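Below is one structure, written out as structure tokens; the observations come after it.
2 protein chains.
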Amino acid sequence: MNYGLFNLCIIMNLKDGLSHYSNLSPVEIDKSLSLFTPEKLRAKEYFLKQGKVSDKIGFLEFGMLRSFFYDENGNDITTHFFQPGQIIISMRSFNAQLPSKENIMTIEESSLLVITYKNMIALYEKIPVWREITKMVDEHKFNQLNKRSIQLQTLSALERYQLFCEKNPLIIKSVPLRYIASYLGIDIATLSRIRKKI
Amino acid sequence: MNYGLFNLCIIMNLKDGLSHYSNLSPVEIDKSLSLFTPEKLRAKEYFLKQGKVSDKIGFLEFGMLRSFFYDENGNDITTHFFQPGQIIISMRSFNAQLPSKENIMTIEESSLLVITYKNMIALYEKIPVWREITKMVDEHKFNQLNKRSIQLQTLSALERYQLFCEKNPLIIKSVPLRYIASYLGIDIATLSRIRKKI
DNA sequence: ACAATTGTTTGACAAAAGTCAAAAAAAATG
DNA sequence: CATTTTTTTTGACTTTTGTCAAACAATTGT
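Taken in sequence, the protein lines are chains A and B.
Per the working numbering, the very first residue in the first sequence carries number 135; after that it's consecutive.
Per the working numbering, the very first residue in the second sequence carries number 135; after that it's consecutive.
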């Protein structure tokens, strides 16, 4: 059982990831995977809508998604990007089964392996190790968020953008700049000027 | 079982909190509390040091603590304030038993109820409901951090400070401004000017 | 109580980031 | 492939925030 599971990246699929990084047996892996169903989404389709209780999470095979919400002025605020190999989840809504405060939407055509909340619970009963896997995902998400929070707290717009580029070359390539600007808390015009400077 | 548990605030102690907000029986509560030991700390004492694996968490009865780290220039960056009624924990270090990236230190004289990692594990075995309580604490911490992250992303220095004052009157009263400035990602001189403006 | 230390405010200035509007470029659509 | 539509860049300007140093205030230890 290993944190690498959630940095799988593009190369690996869910099955290979589980066999490399979890200590599930091949039989358990097959039993687990039978509860996931493939789902294809076109660009700009919702995976989760603000206000609804999240009833599923997904493992992203390929494509790109983002989570966002609308602030009091109707601005679209991006809060997260989801890359291949990552778990698509709204932690608060899925874990506590509360109405979501954010949308999750594809940026481009995407392919996921989806498991419903009901099946996830079933999985916990059948294969208790999955509780640990979930715990690891949650911890990983917490640590990511913590890093992000510290970056927003301590870095200038320029530094945030530079670090983001360094750590997320894939996102830079395939995501509209205005989403990245909003994610970094920078005005789109300012980001444009920062880019010119580099 | 109820989220109110982690917004107990000053009025309530751990015992009352557990009996009001958890569904532990009185016997279970007493059994649980026997694994917590009182700990008094003077001002500016460490509860946890950067680099060490956290071996305990605490419930704060009274006093005030903060977590912080030193950045590459040696600046002291405050990442969190802990108020009475809250759980003192470094999530990453305690949950995953990894070396801590942050310090936790009292700001003023404080009184805690402390439980060691070993005893926490014992508690999970004796009273499995504690796994759920922990899960709720973790979820609550995640949601708090998520809020904070969005505030850093979307609000101006002035707005961040105003919101902070509104939500944390106790902290404003008893914590040096430079800690608050650092927590909000604002230069101390800028914060001083913001305060004059209000 | 007094010196020493630590914390906060202020001034003068510089740099960073935001605003609004228009132009340019790129992407989507028929 | 030409035309909408969307996205990005740019210009001119304003506002916000940071920097450095000094003055001032508060707190602490002896």
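Cβ atoms here follow ideal geometry from the backbone N, Cα and C, with glycine treated the same way.
Values in this document were obtained by computation on a predicted structure and should not be read as measured data.
For residue i, would you say it is in contact with chain B, using Cβ-to-Cβ distances shorter than 8 Å as the test?
{"i": "A:GLN231", "result": "no"}
{"i": "A:ILE284", "result": "yes"}
{"i": "A:PHE276", "result": "yes"}
{"i": "A:THR324", "result": "no"}
{"i": "A:GLN220", "result": "no"}
{"i": "A:ARG226", "result": "yes"}
{"i": "A:ASP321", "result": "no"}
{"i": "A:ASP205", "result": "yes"}
{"i": "A:VAL287", "result": "Strictly speaking, residue 287 of chain A in this sequence is Gln, with Val absent from that position. Taking Cβ atoms only, chain B reaches closer than 8 Å to A:GLN287, which makes this a yes."}
Give a yes or no on whether the C-beta atoms belonging to residue i and residue j are separated by under 8 Å.
{"i": "A:PHE196", "j": "A:SER245", "result": "yes"}
{"i": "B:GLN285", "j": "B:ARG294", "result": "yes"}
{"i": "A:PRO218", "j": "A:VAL187", "result": "no"}
{"i": "A:LYS235", "j": "A:GLN278", "result": "no"}
{"i": "A:PHE170", "j": "A:ILE249", "result": "yes"}
{"i": "B:PHE202", "j": "B:ASN229", "result": "no"}
{"i": "B:ALA291", "j": "B:LEU318", "result": "yes"}
{"i": "A:LEU158", "j": "A:LEU167", "result": "no"}
{"i": "B:GLU243", "j": "B:SER308", "result": "no"}
{"i": "B:ALA315", "j": "B:LEU304", "result": "no"}
{"i": "B:SER156", "j": "B:ILE267", "result": "yes"}
{"i": "B:SER334", "j": "A:ARG282", "result": "Any property of residue 334 of chain B remains undetermined from this structure, which presents chain B solely from 135 to 332."}
{"i": "B:GLY192", "j": "B:GLU179", "result": "no"}
Pick from the options: whose alpha carbon is nearest that of residue i?
{"i": "A:LEU289", "options": "B:TYR258, B:PHE193, B:ILE241, B:ASN207", "result": "B:ASN207"}
{"i": "B:THR240", "options": "B:HIS214, B:VAL263, B:GLN296", "result": "B:HIS214"}
{"i": "B:ARG226", "options": "B:LYS190, B:LYS281, B:GLU266", "result": "B:LYS190"}
{"i": "A:ILE261", "options": "A:GLU162, A:ASP150, A:ILE322, A:HIS274", "result": "A:GLU162"}
{"i": "A:GLN252", "options": "A:MET270, A:GLN231, A:LYS275, A:VAL271", "result": "Going by the sequence as given, residue 252 of chain A is Lys instead of Gln. With distances taken between Cα atoms, A:LYS252 lies closest to A:GLN231."}
{"i": "A:TYR313", "options": "A:MET254, A:LEU175, A:LEU199", "result": "A:LEU199"}
{"i": "A:ASN209", "options": "A:ILE320, A:PHE276, A:ILE332, A:ILE328", "result": "A:ILE320"}
{"i": "A:LYS331", "options": "A:GLN296, A:GLU300, A:ARG176, A:ILE255", "result": "A:GLN296"}
Is any beta-carbon of chain A found at less than 8 Å from that of residue i?
{"i": "B:ASP272", "result": "yes"}
{"i": "B:ASN280", "result": "yes"}
{"i": "B:GLY151", "result": "no"}
{"i": "B:ILE211", "result": "yes"}
Quick one: what's got a C-beta closer than 7 Å to residue i's C-beta in the same chain, skipping five residues either side?
{"i": "A:ASP205", "result": "ILE211"}
{"i": "A:LYS275", "result": "MET225"}
{"i": "A:GLU273", "result": "none"}
Take residue i and list the residues in its own chain whose beta-carbon comes closer than 6 Å to its own, dropping the five residues that flank it on each side.
{"i": "A:LEU194", "result": "PHE216, PRO218, GLN220, ILE222, LEU246"}
{"i": "B:TYR258", "result": "TRP264, ARG265"}
{"i": "B:ASN280", "result": "none"}
{"i": "B:ARG176", "result": "GLU243"}
CB-CB under 8 Å to residue i, same chain, minus the five flanking residues each way: which ones, in chain order?
{"i": "A:LYS165", "result": "LYS260, ILE261"}
{"i": "B:LYS149", "result": "ILE163, LEU167"}
{"i": "B:ALA256", "result": "LEU169"}
{"i": "B:ILE306", "result": "PHE298, CYS299, ILE314"}
{"i": "B:ASN147", "result": "GLU195"}
{"i": "B:ILE328", "result": "ALA291, LEU292, TYR295, ILE320"}
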